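Here the structure comes first, spelled out in structure tokens, and everything after it is commentary.
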Amino acid sequence: MIKQAEVRVAKNGKRFISLVFQDKTGEISGMYWDAKDEDIQHFTSGNIVHLEGQRDLYNGQPQVKITKLYLADASEGFQASQFVARAPMSTEQMQDEIQKSLFDIQNAKWNRIVRFLLQKYQREFYNHPAAKTNHHNFAGGLAYHTLSMMRLAKSIAQQYEQLNYSLLLAGVILHDLGKTLELSGAVGTEYTVEGNLIGHIVLIDEEIVLACQALKIDGTDEDVVLLRHMVLSHHGLLEYGSPERPKLLEAEVLHYIDELDASINMISKAMAKTEPGTFSERIFGLDNRQFYRAKN
Numbered sequence: 182m183i184k185q186a187e188v189r190v191a192k193n194g195k196r197f198i199s200l201v202f203q204d205k206t207g208e209i210s211g212m213y214w215d216a217k218d219e220d221i222q223h224f225t226s227g228n229i230v231h232l233e234g235q236r237d238l239y240n241g242q243p244q245v246k247i248t249k250l251y252l253a254d255a256s257e258g259f260q261a262s263q264f265v266a267r268a269p270m271s272t273e274q275m276q277d278e279i280q281k282s283l284f285d286i287q288n289a290k291w292n293r294i295v296r297f298l299l300q301k302y303q304r305e306f307y308n309h310p311a312a313k314t315n316h317h318n319f320a321g322g323l324a325y326h327t328l329s330m331m332r333l334a335k336s337i338a339q340q341y342e343q344l345n346y347s348l349l350l351a352g353v354i355l356h357d358l359g360k361t362l363e364l365s366g367a368v369g370t371e372y373t374v375e376g377n378l379i380g381h382i383v384l385i386d387e388e389i390v391l392a393c394q395a396l397k398i399d400g401t402d403e404d405v406v407l408l409r410h411m412v413l414s415h416h417g418l419l420e421y422g423s424p425e426r427p428k429l430l431e432a433e434v435l436h437y438i439d440e441l442d443a444s445i446n447m448i449s450k451a452m453a454k455t456e457p458g459t460f461s462e463r464i465f466g467l468d469n470r471q472f473y474r475a476k477n
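Structure, rendered in structure tokens:
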């Protein structure tokens, strides 16, 4: 299935399509040169195609040199779900574990806000990816990334008793919930207009404020301000999109848990495609670094 399709113009003035293909095993990019109008109409995000070509490397990244590309016929009966990677847990399993964990948020205001927003965006939360290309970029990836971070948070809170576990857990659950508004979905994932112009951090902060209004919770209450700070600072640095740097112990921990889980996922994906004794492809989300897979 075509995951992304972007029409560009080459130096010779001719149009080409920058494509990303995907199936359940992963994804690979390729260029369709000298694209005609009908090619641009056919080869769009979400369409299923037959592809022939040769795998190659370009700037250290795998790429397919396309020799033949044509649309699959409707009579072949392919469904988009056949070509979309999914979380290693079922939606029901993730729902069950996350719902049980909500009882650990002992602050009533945080608990009510988290439950309200999870219910409001339940369908999207359990189906959306956590990112378009970098980490947990598969159906259900948003919930799975959140659940993985919840497990890390619980373990860390057991080690450091000075942490407010309720605040940390509430922050973990809400930190990326704005991606239900920032991203279009698991098939042909694109950034929405809101995602491009506002971004998931500000979007979820606004949702917390709206939730307080709906639940008749004072938005100026310190508990609400602390929770908003958790999501507003979770990218850690201003240049990475956070309106604020972490100024709470729990916010600092949330940032590093997020970084850790995302990094492990990106490296693990690259290692799965790397032969023992060689280096991986360059990982854009990790400063274009390559990682070595040991022989043994």
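Just so we're on the same page, the working numbering is the position in the sequence shown counted from 1, plus 181.
All C-beta atoms, glycine included, are put in the ideal place defined by N, C-alpha and C.
The structure displayed is predicted, hence computed values, not measured ones.
Straight-line gap, residue i to residue j (C-alpha atoms, nearest Å)
| i | j | result |
| --- | --- | --- |
| residue 308 | residue 266 | 11 Å |
| residue 293 | residue 392 | 9 Å |
| residue 455 | residue 313 | 22 Å |
| residue 282 | residue 402 | 24 Å |
| residue 370 | residue 317 | 12 Å |
| residue 354 | residue 339 | 18 Å |
| residue 219 | residue 251 | 11 Å |
| residue 483 | residue 377 | In this structure the chain extends from 182 to 477, so residue 483 is not present and cannot be described. |
| residue 224 | residue 183 | 7 Å |
| residue 409 | residue 239 | 42 Å |
| residue 259 | residue 231 | 11 Å |
| residue 332 | residue 433 | 17 Å |
| residue 472 | residue 448 | 7 Å |
| residue 368 | residue 277 | 25 Å |
| residue 256 | residue 193 | 38 Å |
| residue 379 | residue 466 | 21 Å |
| residue 365 | residue 470 | 29 Å |
| residue 304 | residue 474 | 37 Å |
| residue 298 | residue 388 | 8 Å |
| residue 241 | residue 476 | 20 Å |
Which listed residue (the options) has its alpha carbon closest to that of residue i
| i | options | result |
| --- | --- | --- |
| residue 320 | 339, 442, 188 and 361 | 361 |
| residue 335 | 378, 284, 304 and 323 | 284 |
| residue 229 | 371, 404, 253 and 311 | 253 |
| residue 216 | 196, 235 and 363 | 196 |
| residue 384 | 233, 342, 323 and 358 | 358 |
| residue 286 | 344, 304, 428 and 388 | 344 |
| residue 396 | 461, 425, 289 and 202 | 289 |
| residue 390 | 291, 182 and 198 | 291 |
| residue 411 | 337, 342, 225 and 435 | 435 |
| residue 226 | 476, 247 and 203 | 203 |
| residue 248 | 235, 242, 258 and 260 | 235 |
| residue 199 | 457, 297, 295 and 210 | 210 |
| residue 315 | 468, 193, 244 and 424 | 468 |
| residue 381 | 407, 398, 424 and 349 | 424 |
| residue 330 | 398, 341 and 440 | 440 |
| residue 398 | 208, 349 and 295 | 295 |
| residue 311 | 417, 351, 444 and 280 | 444 |
| residue 347 | 388, 372 and 407 | 407 |
| residue 275 | 322, 352 and 212 | 322 |
Per DSSP, the bridge partner or partners of residue i
| i | result |
| --- | --- |
| residue 460 | 473 |
| residue 186 | 200 |
| residue 372 | 364 |
Exposed unless 16 or more other CB atoms sit within 10 angstroms - verdict on residue i
| i | result |
| --- | --- |
| residue 327 | buried |
| residue 450 | buried |
| residue 415 | buried |
| residue 271 | exposed |
| residue 405 | buried |
| residue 446 | buried |
| residue 306 | buried |
| residue 324 | buried |
| residue 427 | buried |
| residue 420 | exposed |
| residue 400 | exposed |
| residue 190 | exposed |
| residue 269 | exposed |
| residue 422 | exposed |
Which ranges does the beta strand (DSSP E) cover as unbroken runs of at least 3 residues, wholly within the segment 197-281, from first to last along the chain? 207-213, 230-239 and 242-252
As an exercise, report each continuous beta strand (DSSP E) stretch of at least 3 residues that is fully enclosed by the segment 295-365, in chain order. none
What ranges does the beta strand (DSSP E) occupy inside the segment 390-467, keeping only unbroken runs of at least 3 residues that lie completely in it? none
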